[in-house]
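A.B. asks: The first sequence begins at 2 in my numbering and counts up by one.
Note that CB positions come from ideal geometry on N, CA and C, so glycine has one too.
On a predicted model such as this, the values are computed, not experimentally measured, just so you know.
Please find one structure pasted underneath; my questions will follow.
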Amino acid sequence: MDELKLNTTQEQRFQVIEELRKEGMDPYGQRFDRTHSTIEAKNYYEKLVCDVPEEEKEHFTTPDIKVAGRIIGKRDQGKTTFMNIMDMVGRIQLYIRKDVLGEDNYAILKKKIYAGDIIGVEGGCFRTKTGEISIRVKNVTLLSKSINPLPEKFHGLTDVEMRYRQRYVDLIANPEVRDTLIKRSKIIKNIRDFMGTKGFLEVETPMLHPVAGGAAARPFITHHNTLDQEMYLRIAPELYLKRLLVGGFEKVFELNRSFRNEGIDTTHNPEFTMMECYQAYGNMETVLELAEAVICNAAEMFYKDLQVPYQGKVINLSRPWKRVSMLQLVRDVTGCQELTYSSPREQLVELAKKLEVEFEEKDTAVKIMGKIFDEKIESTLIEPTFVVEYPKEISPLAKANREKPDTCDRFELFINGKEFANAFSELNDSEDQLARFEAQIEQRKAGDDEAHEMDADYVNALRYGMPPAGGLGIGIDRVVMLLTDSASIRDVIAFPTLKKISANQNQKPNPEE
RNA sequence: GGGAAAUUAGCUCAGCUGGCAGAGCAACUGACUCUUAAUCAGUGGGUCAACGGUUCGAAUCCGUUAUUUCCCA
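Written out as structure tokens, the structure is:
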């Protein structure tokens, strides 16, 4: 494979590996039992040095410990070598002397071990003249040779494409990437634990769906060979979680991936992580409070006062969060206070034109209203805002409001102008649900390929009776973005979706295409 | 979907009006027993994203393609 061809530097390094093998050394070592991480080693020194008399502190060295990591810098100084090694939690300096290591070992270290290699070392901790806690190395164990040179130490790896494509290099070169992913893990654990303490049971429902449902989105299509049947990667776990409610589970959640075959930008990745939960005998209000609690509880891990710095702004997550009616927001932005979800299409067309909001011929009045909201209102909702009273027409799984039949009991949560959560009082009337599906199918026929599909088995489940319930979905990647001050969803996903570099990409273009 | 920009050594980047392909770091050789972007002396390293065109001559001008980024819808 061409992309694996070695360049000059790599060739040299490969030669070194061969030489090491000839000398009987294993370039790719075995288990190494560390006693301390880099940070623990420094703490160990700090702790022991406290009890040392003042005049002896300067020359104090701790008992031997064992530390391992990747060499990220080497300063060769003749008969002394300084190195820095990095492990998952931090870095520490090594002080290596020829007279301690011995002639032969020092020669190998000097000539055949370099930045990028992974080593284990043994020795005591001390403080150098310039004040840095270091390890006075007595033994070096080679654990892994590196053939690929590391990116430049000062500028690091900045090429955005390469950072995403070769995240492993990015992680070595840019410590903040690792910090972000560690925070991501902490946030997810925090949410999982929080849901547990609230009595929700974590469940796993299918990712391969015979019918893609639970959201308005285009699915990925795949195929099962032995069943010889089309399958869809799930766009949402919603309909399966509610089947569990029918079956008698009362508080369930799932925190995992969904897939939507749509555009990619700074807030959308085709596979993304969502936490969806359902609470039987609850409603929209129940899960509204839950949404606030979940996000605030996670935010408090990093920001006790809930003042969250994000991309130069400060977003105040203090509770309670604002609630506004979608209809009222649209009325305000259009200046038309008589507007309702039953207003005639011509009126919306006129308002959309006035605001220069584009729409399509097939769009209904409510759809146009949705577009006005998306374009003129959404991005202005910076502080956490629950937008409530959604039109029933675009919420086919939500219960209609008893007083306002064209409205449903649904909210979407917006923070920093982006959707963070979507929730409603779940529709549990099977025949209403059937009618809603049928309306969606009409819309699909009219050209809306994001309209929901009929899920007959789900209707059948509802016919057994589902308790009234509140359901909530929170976009986890966006929560992580907010709490890690990340500008792009790609920064909070270890391996974001990228276009494949095809083997014939650089060939002559095919005139047939 | 539309617009703009980027793509040159392993990495970070220069390269002007078309005229021998450059620097720093990394690597290699050597000096140096408290350095930390170590320092000093020397050496090697290139499909200038790909393909085509204009030209005596193209990294540079033109076109197409690819990937990525940003903005707009």
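#1: In the DSSP assignment, find the unbroken beta strand (DSSP E) run with L5 in it and report its ends.
#2: Could you check what DSSP says for D171 in three-state terms: helix, strand or coil?
#3: With distances taken Cα to Cα, identify the nearest neighbour of D333 among M370, L435 and G248.
#4: For the stretch 49-102, which segments carrying the alpha helix (DSSP H) assignment without a break, of at least 4 residues, lie completely within its bounds, in sequence order?
#5: Can you tell me which of the three DSSP states N429 falls into?
#6: Evaluate K58 with the Cβ neighbour count: other Cβ atoms within 10 Å of its Cβ, from every protein chain shown; 16 or more gives buried, anything less gives exposed.
#7: Using CA atoms only, rank isn't needed, just tell me which of T498, P310, L484 and P28 is closest to D266.
#8: Let me know if M84 comes out buried or exposed under the rule of 16 or more other beta-carbons within 10 Å of its beta-carbon.
#9: Check the DSSP bridge columns for G214 and list the partner residues they point to.
#10: Return the CA-CA distance between P469 and D433, expressed in angstroms with no decimal places.
#11: Name the two residues that bound the continuous beta strand (DSSP E) containing T206.
#12: Just how far apart, CA to CA, sit I316 and G30?
#13: Could you pull the start and end residues of the alpha helix (DSSP H) that A366 belongs to?
#14: Measure the CB-CB distance between M276 and I378 and report whether it falls below 9 Å.
#15: Taking the beta carbon of K113 as the centre, do at least 16 other beta carbons fall within 10 Å, making it buried, or is it exposed?
#16: Excluding sequence positions up to five away, which residues of its chain have a Cβ less than 6 Å from the Cβ of V481?
#17: State the beta-bridge partners of T287 as determined by DSSP.
#18: Can you give me the C-alpha to C-alpha distance between L483 and F127, rounded to a whole angstrom?
#19: Between the C-alpha atoms of T225 and M232, what's the straight-line distance to the nearest angstrom?
#20: Could you check the C-alpha separation between M467 and S326 for me, to the nearest Å?
#21: Identify every run of the beta strand (DSSP E) within the stretch 395-430, keeping only runs that are complete inside it and at least 3 residues long; order them along the chain.
#22: Taking buried to mean at least 16 other C-beta atoms within 10 Å of its own C-beta, is D180 buried or exposed?
#23: Which residue comes first and which comes last in the alpha helix (DSSP H) that contains P176?
#24: If you compare alpha carbons, which of F412, E41, Y304 and I73 is closest to T287?
#25: Along the chain, where does the alpha helix (DSSP H) that runs through T358 open and close?
#26: Using beta-carbon positions only, say whether L242 and V204 come within less than 9 Å of one another.
#27: Could you pull the start and end residues of the alpha helix (DSSP H) that V493 belongs to?
#28: According to DSSP, is F15 part of a helix, a strand, or is it coil?
#29: Ends of the beta strand (DSSP E) at D125?
#30: Return the first residue and the last residue of the beta strand (DSSP E) that Y233 is part of.
#31: Considering only the alpha carbon of each residue, which of L143, V50 and E133 lies closest to L21?
#32: What is the DSSP secondary structure of E514, reduced to helix, strand or coil?
#33: Report all residues from its chain with a CB closer than 7 Å to the CB of Q308; omit the five preceding and five following residues, and keep chain order.
#34: Please report the distance separating the alpha-carbon of G471 from that of C278.
#35: Could you tell me whether the stretch 414-431 touches the stretch 458-466, where touching means 3 or more Cβ pairs closer than 8 Å?
#36: With C-beta atoms as the reference, is A424 less than 9 Å away from M285?
C.D. replies: Straight from the coordinates:
#1: Careful: L5 lies outside any beta strand (DSSP E) and carries neither H nor E.
#2: D171 falls in the helix class under three-state DSSP.
#3: Looking at the Cα atoms, M370 is the closest of the given residues.
#4: Here the runs fully enclosed are 99-102.
#5: N429: coil per DSSP, three-state reduction.
#6: Exposed, by the Cβ-count rule.
#7: Comparing Cα positions, the closest option is T498.
#8: That one is buried.
#9: For G214, which the question treats as bridged, DSSP gives no partner whatsoever.
#10: Each residue's CA atom was taken as its position, placing P469 and D433 some 14 Å apart.
#11: DSSP places T206 outside any beta strand (DSSP E), giving it a letter other than H or E.
#12: Each residue's Cα considered, the two are about 49 Å apart.
#13: Residues A366 to I373.
#14: No.
#15: Taking all protein chains shown into account, K113 has 16 or more neighbouring C-beta atoms within 10 Å of its C-beta and is therefore buried.
#16: For V481, same chain residues with a beta-carbon under 6 Å away, outside a window of 5 residues either side, are R185, I188 and V493 in chain order.
#17: Within the DSSP bridge table, the entry for T287 names no partner.
#18: One C-alpha to the other measures close to 41 Å.
#19: Reading the sequence as shown, one finds His at residue 225 and not Thr. Approximately 7 Å, taken between the alpha carbons.
#20: Rounded to the nearest whole angstrom, the C-alpha separation of M467 and S326 is 28 Å.
#21: Those beta strand (DSSP E) runs which fall completely within the stretch 395-430 and span 3+ residues are 408-416 and 419-426.
#22: Sixteen is the threshold: since fewer than 16 other Cβ atoms of the shown chains lie within 10 Å of the Cβ of D180, the residue is exposed.
#23: Unbroken alpha helix (DSSP H) run through P176: P176 to T198.
#24: Looking at the Cα atoms, F412 is the closest of the given residues.
#25: The sequence as given places Val at residue 358; Thr does not occur at that position. Here V358 belongs to no alpha helix (DSSP H), and DSSP marks it neither H nor E.
#26: In this structure, L242 places its C-beta atom within 9 Å of the C-beta atom of V204.
#27: According to the DSSP assignment, V493 belongs to no alpha helix (DSSP H), since it is labelled neither H nor E.
#28: DSSP places F15 in helix when its eight states are reduced to three.
#29: Before going further, note that residue 125 is Gly rather than Asp in the sequence given. Where G125 is concerned, the enclosing beta strand (DSSP E) starts and stops at I119 to R128.
#30: Q230 to L234 is the extent of the beta strand (DSSP E) around Y233.
#31: Of L143, V50 and E133, the residue nearest in Cα terms is L143.
#32: Bear in mind that the predicted position of E514 carries a pLDDT of just 33, short of 50, making it unreliable; the figure below should be weighed with that in mind. Here E514 sits in coil by DSSP.
#33: Answer for Q308: V315 and N317, listed in chain order.
#34: Answer to the nearest angstrom: the Cα atoms are 8 Å apart.
#35: By the criterion of at least three beta-carbon pairs nearer than 8 Å, the stretch 414-431 is in contact with the stretch 458-466.
#36: Yes; because the gap between Cβ atoms is below 9 Å, this pair is in contact.
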